[in-house]
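Protein chains in written order, with the numbering used here: chain A, 1 to 173; chain B, 174 to 346. We put the CB at the ideal spot given by N, CA and C, even for glycine. Read through the structure below, which is laid out as structure tokens, and then see the notes.
2 protein chains.
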Amino acid sequence: MELGFEEKDFLACCGSTKFAKEMALASPFASLEEAVRAARDIWFNKVDVNAWLQAFSAHPPIGDSPPASHHHRTSPTSAQWSKGEQSTAIATATGSTLQELSEWNAQYREKFGFVFLICASGRTSDEILAELKNRYPNRPIIEFEIAAQEQMKITELRLAKLFSSRAKDTIDQ
Amino acid sequence: MELGFEEKDFLACCGSTKFAKEMALASPFASLEEAVRAARDIWFNKVDVNAWLQAFSAHPPIGDSPPASHHHRTSPTSAQWSKGEQSTAIATATGSTLQELSEWNAQYREKFGFVFLICASGRTSDEILAELKNRYPNRPIIEFEIAAQEQMKITELRLAKLFSSRAKDTIDQ
């Protein structure tokens with residue numbers, strides 16, 4: 001069984017138009033594994049640093065809930081997934097943690113020029129805040145690469161969601 | 174003897190406004206060595222990846238002579254220095270090398286999203302072309318770091334010119 005996807009499906013996984021275009025060109029994929037392999041190659045070897053920055057800019061600051069989709073160039077699917085990925089963080093957050101997270105997010109953006117990016121799935125807000133403080137002293141180029149790796153983890157989780165939702169649709173028909 | 178410089182002087186050395194601002198804040202410097210040490214710290218540890226991209230965009234494509242200053246955001250000083258740095262390349266260039274360089278430059282920009290950057294001082298156009306072909310297969314993030322290192326070499330040469338011209342002005346007075 002081969003599942004065909006469109007550019008907009010991949011754009012919900014990773015907000016770089018270049019990435020989404022390349023994925024659409026490489027599809028259909030015989031399996032999720034094949035799609036993930038292609039996604040890694042495209043993300044790390046093919047798209048340029050501007051594409052990375054574009055993908056980062058599609059994320060709301062972590063802890064911002066709900067994402068203000070008119071501010072952050074996010075599709076409804078992406079916004080919904082983002083909320084799901086942050087559900088542990090949101091469930092465990094206290095007002096003071098959220099306040100501190102918001103302040104550190106702003107400081108991070110000031111230093112690095114892009115949003116703090118972390119694969120939030122299953123992490124509490126305290127863990128996310130600790131990681132933000134831990135990564136903050138990094139050199140900008142190091143942090144740029146870490147952010148790209150985190151983006152890839154998020155992309156992989158979302159590709160899995162895309163495949164399972166499509167498989168379900170196929171069975172339902 | 175301490176030499177005071179303004180933001181625009183540093184901007185001619187490296188086209189990132191953030192870099193130039195930080196250098197102006199860190200000046201005056203007691204010596205060229207002190208200025209170079211500050212410049213390295215600011216460039217590699219303080220300014221973000223957007224500042225790197227801004228600095229890269231201030232360079233004309235290598236081999237383009239004279240630089241079209243209305244296209245590439247270059248100051249008259251920067252354009253003049255750029256010409257001097259490329260004097261060996263220009264003196265050794267044949268028409269076919271320049272043509273090939275121009276084609277590879279375009280291909281490089283298409284892949285990496287920024288201009289091919291090399292400290293051209295003392296290099297022939299054949300050497301520059303060979304280096305372009307050699308670097309072209311690199312991953313985008315690797316090439317981004319190499320370009321930043323080349324930019325730093327260019328910045329150091331230009332800081333030296335800045336210091337020697339100012340020292341001369343001081344003696345002349």
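At a cut-off of 7 Å between beta-carbon atoms, Val-115/A makes no contact with chain B. For Phe-44/A, the chain B residues whose C-beta falls within less than 9 Å of its own C-beta are Arg-312, Pro-313, Ile-314, listed in chain order.
Under the DSSP assignment, Trp-43/A falls outside any alpha helix (DSSP H); it carries neither an H nor an E label. Ile-141/A carries a helical assignment under DSSP once its states are collapsed to helix, strand and coil. Residue environment for Pro-60/A: buried (at least 16 other C-beta atoms within 10 angstroms of its C-beta). DSSP places Leu-302/B inside the alpha helix (DSSP H), whose first and last residues are 298-308. It is roughly 9 Å from the alpha-carbon of Ala-20/A to the alpha-carbon of Ala-12/A. At a cut-off of 7 Å between beta carbons, Val-222/B contacts chain A.
At a cut-off of 7 Å, the C-beta of Phe-285/B has a neighbouring C-beta in chain A. Around the beta carbon of Gln-272/B, fewer than 16 other beta carbons lie within 10 angstroms, which makes this residue exposed.
DSSP, reduced to helix, strand and coil, places Ser-294/B outside both helices and strands of the structure shown, so it counts as coil. Contacts with chain B at 7 Å (Cβ-Cβ) include Phe-144/A. The beta-carbon distance between Ser-27/A and Gly-63/A, rounded to whole angstroms, is 34 Å. This is too long to meet the 8 Å contact definition. In this structure, DSSP gives Val-49/A a helical state, which the three-state scheme calls helix. Here the alpha carbons of Ala-38/A and Phe-285/B stand approximately 19 Å from one another. C-alpha of Phe-29/A to C-alpha of Ser-260/B: approximately 52 Å in a straight line. Annotation: the continuous alpha helix (DSSP H) that includes Phe-112/A extends over 95-112.
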